[in-house]
Structure formats: structure tokens, C-alpha cells
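For the record, in the sequence shown the residue sitting at position 110 is 108 according to the numbering used here, with numbers rising by one throughout.
These notes concern the structure reproduced below.
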Amino acid sequence: MKRAAALVGVLALLGLTAGVADAADKKVAFQFQDDRITESSGLAASTKNTGIVYTHNDSDAGPILYAVNDSTGDTVATLTLKGAPARDWEAMTRCKDDGTDLLWVGDIGDNIDAWKTYPLLRVEEPSNPTTGDVKWTQYDMRYDDGKARDAEALLCDPRNGRLYVITKETADKAGVYRGPATMKAGTTNTFTRIADAPGAVTDASFFSDGRFVVTRGYFDAHILSPNAGWKSVVKFTPPIQIQGESVAASADGEALLFGSEGVGSSVWRVPIPEDVNKLPNSAVSAQDAKDAANAAKDKAKDGKNAGKGAKNKAGDAKDTAQRINDEGIPGIDGQMVALISALGLGVLVLVLATRRD
């Protein structure tokens, strides 16, 4: 506790000088050339396909992801999530799961507080994306108090694949909500409030190394430290845009990308503020470490239970084989039955060993 308090104190002191930080070297990286991209509301820089940035439109524009060249702004491919819900797509993020590159889309906008659950859509990022339909999986989420909320920020911790949502509310209500250690399809995943957040956040992203989180609004941006209670430790001015609604960490980890709605809108590349380099590294929080340990423990327990079940089945098969050998079956030699049963037992034991691994 003392170490955590000391860390918060150091960050707070640094925040006093970092609060005036401004990324002076910001520049336009590219402009969207595709007239279909009218309301770019989410952004994700691919680490699998060099030079590709993904974006999507806001509500009523269809479940489509645009793969865009991050130098020219030309659309390379469109990925259609055929049949997927698209009430109000407001955010996207990239992530990894056991080495698989993923794109997550958050159908989390709710301007009139109309819904209690929100679809999160998972897509495996293709190599060298081409235009066409892609497979997707839906994971529904709810907030821990069961209330409806408007949100425009979905982010993934690259160190453990955990999802977070930051709501778009006034400063006295906005919060950071953490998803479960393991997301499950076919059920509702509860996201738990763990911290307050800056007001009117229109997007957010973890840094590529997971140390910090950047949030953006229309007029300001913050660097948050997850390991220090998600406190704002740097505040700076983002590029002034018509309707700035997206931010993402660059693929090289050296900058932040800021996007906006509007046909032909620009995406700006902003070097990570120098003040951030003065901050202590933000390690995985104690709660995240505990949750990860519990998830691993549950997984091991599931494997152990499966192993016991297979072992019991193997024992039953052995007993059955012995009984058949003793009593015999008309038309079948007892030794042949025993041989067949033994082979079956061997297969079950092999399954048992595999499940334990």
C-alpha cells in the first residue's frame, strides 16, 4: 500500500508539470480517400499487416470495417460482418489471444440510454486483407449496476488481452469498466467499474506496450496510469478536428493516431509526449495479476476435472471388458472381446493424457 501511495504521489507531482504538455511535432499522417468513410468513429493500427489501419463508420452505416493504407489513405479492403448488429458502432481495438490477432468492435453507443446490454464483436484479423465477408463472434456485455450508458471507448490491454470500456459521460459520472478475464459467447459478460474517468471521452487506447492509456475528447487528451488508480498523469491538447472521435496507438509504438468524423477527414500522428518518458512504468495492477492467476487456476481445475472424468470412464470400460470376458458374448470369442476392450482403454488413456497437458 505504501509503495502504491508513493507511486501515486510521484505521478501527481509529475502531472503538475506535464499538464501543460503539447505534442508540437504532430502532423497529418493521411486523409481518408474513400467517400464511404463518412463518420470514422474507431481506429486500430494493425501490427499484423504492416501499413494498415482499420476504421469503421458510426451508426446506420452497416457492419463494415475498412482496411486503409496508412500512407495514402486509400481503402485496401472492406471486411463485412454480415448479419452482425450495428446499432451504434462507436469504437474498435486490436488485441491478441494466444497469438491470434483480433479486431474487436464495440456497438456501445447509446445516446438516449435505450439499452441494457451491448454487443462486442470479435473478428480474427486476416493476413493481407481482401474485400469480402469475415467470420465474427458476438459477446454481449452489461455494466455492473445494470444501467444503460453511452460509451465510445473500447480498449484492450495488450499484456493480457483484457477488455475495458470507458463511458462518455460528464466528469462526475464517467468511469472505467473492466471486463472479465475471459469473455464468453452466448451469455452476458459483466463489466465492473474500477475507476473514475475524464469527462466526455470519445475514444481511448492502451499504449502498444500496455504501460499507459490515452483518452481523448474533443478538446483535450489525457494519459492515464492504470497502476495508479487510472489517474490522469499527463494532459495535452490533441489536434483540433471537426469532430475528433478516435485515437489509437501506432503500430510502431512511438506515436498516437488521432482521427475525426467527416468525408476526407485527416488522421494525425502525434508523438507520445516527452513527459510520459519521465513517468514510472505502469506494471500490471495487483488486481489484474490476481484475476489472471485465478483464471489460470480455473483453467487448470477444469482440465483436472476433465482428466478425472476420463479416468473414471476408463475404469468403467475396464470393468465392462472384464465382465464380458468372464461371462462371454454369443458368437464372439472372449479373448477377442478383451483385445477390443483393451484397445478402447488405450484410446481413453491417451485422451486423458492429452487433456491433462
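The beta-carbon is built from N, C-alpha and C at its ideal position, and this holds for glycine as well.
Remember, it's a predicted structure, so these values are computed and weren't measured experimentally.
Nearest neighbour of residue i, chosen from the options [CA to CA]
i      : options                           : result
Asp95  : Asp108, Met139 and Met181         : Met181
Val211 : Tyr52, Thr78 and Thr91            : Thr91
Arg85  : Ile62, Leu101 and Thr98           : Ile62
Ser258 : Ile240, Ile270 and Ala247         : Ile240
Val121 : Val199, Leu100 and Ile270         : Leu100
Phe30  : Val51, Lys46 and Thr45            : Val51
Thr135 : Asp105, Ala172 and Ala112         : Asp105
His220 : Ala59, Phe234, Ile270 and Gly227  : Phe234
Gly130 : Tyr64, Arg147 and Leu222          : Tyr64
Phe204 : Val103, Leu222, Phe189 and Asn187 : Leu222
Asn126 : Ala75, Gly242 and Thr185          : Ala75
Val232 : Pro278, Ser264 and Leu79          : Pro278
Leu79  : Leu119, Ile270 and Ser44          : Leu119
Residue i burial status per 10 Å Cβ neighbour count (16 or more: buried)
i      : result
Thr213 : buried
Leu14  : In this prediction, Leu14 has a pLDDT of 36, which is less than 50 and means its spatial position is unreliable; what the coordinates show is noted afterwards. By the 10 Å Cβ count, Leu14 comes out exposed.
Thr128 : exposed
Asn275 : exposed
Ser248 : buried
Ile238 : exposed
Glu272 : exposed
Ser69  : exposed
Glu37  : buried
Thr168 : exposed
Ala183 : exposed
Ala226 : buried
Ala112 : exposed
Arg34  : exposed
Gly262 : exposed
Val103 : buried
Gly208 : buried
Gly326 : Since pLDDT at Gly326 reaches only 47, below the 50 mark, its modelled position is unreliable, and no value is offered.
Asp331 : Below a pLDDT of 50, predicted positions are generally treated as unreliable, and Asp331, at 42, falls in that range; the measurement from the model is reported next regardless. Answer is exposed; the Cβ neighbour count stays below 16.
Check whether residue i and residue j have beta carbons under 9 Å apart
i      : j      : result
Ser57  : Ser244 : no
Pro156 : Ser230 : no
Leu377 : Asp218 : No statement about residue 377 is possible, as the shown extent of the chain runs from -1 to 355 and does not include it.
Thr115 : Asp142 : no
Pro117 : Leu77  : no
Lys25  : Trp266 : yes
Arg191 : Val174 : yes
Leu153 : Ala82  : no
Val199 : Gly177 : no
Thr53  : Val66  : yes
Ala151 : Val132 : no
Trp228 : Asp194 : yes
Thr188 : Arg140 : yes
Gly144 : Asp170 : no
Pro236 : Phe256 : yes
Ala59  : Ser264 : no
Asn158 : Ala179 : yes
Whole-angstrom C-beta distance between residue j and residue i, which should lie under 8 Å
i      : j      : result
Trp87  : Asn55  : 7 Å
Thr165 : Ala146 : So it is not a contact: roughly 10 Å between Cβ atoms.
Ala246 : Val268 : Actually they do not touch by this definition, with Cβ atoms about 11 Å apart.
Asp32  : Thr73  : 4 Å
Practice problem: List in chain order: all unbroken beta strand (DSSP E) runs of 3+ residues lying wholly within the segment 31 to 89. | Solution: 40 to 43, 50 to 54, 62 to 67 and 73 to 78
Quiz item: Residue ranges of each beta strand (DSSP E) run of no fewer than 3 residues wholly in the segment 221 to 268, ordered along the chain?
Solution: 229 to 234, 242 to 247 and 253 to 258
Self-check item: Sequence ranges, beta strand (DSSP E) only - wholly within the segment 152 to 207, length at least 3
Solution: 161 to 165, 173 to 176, 186 to 194 and 201 to 204
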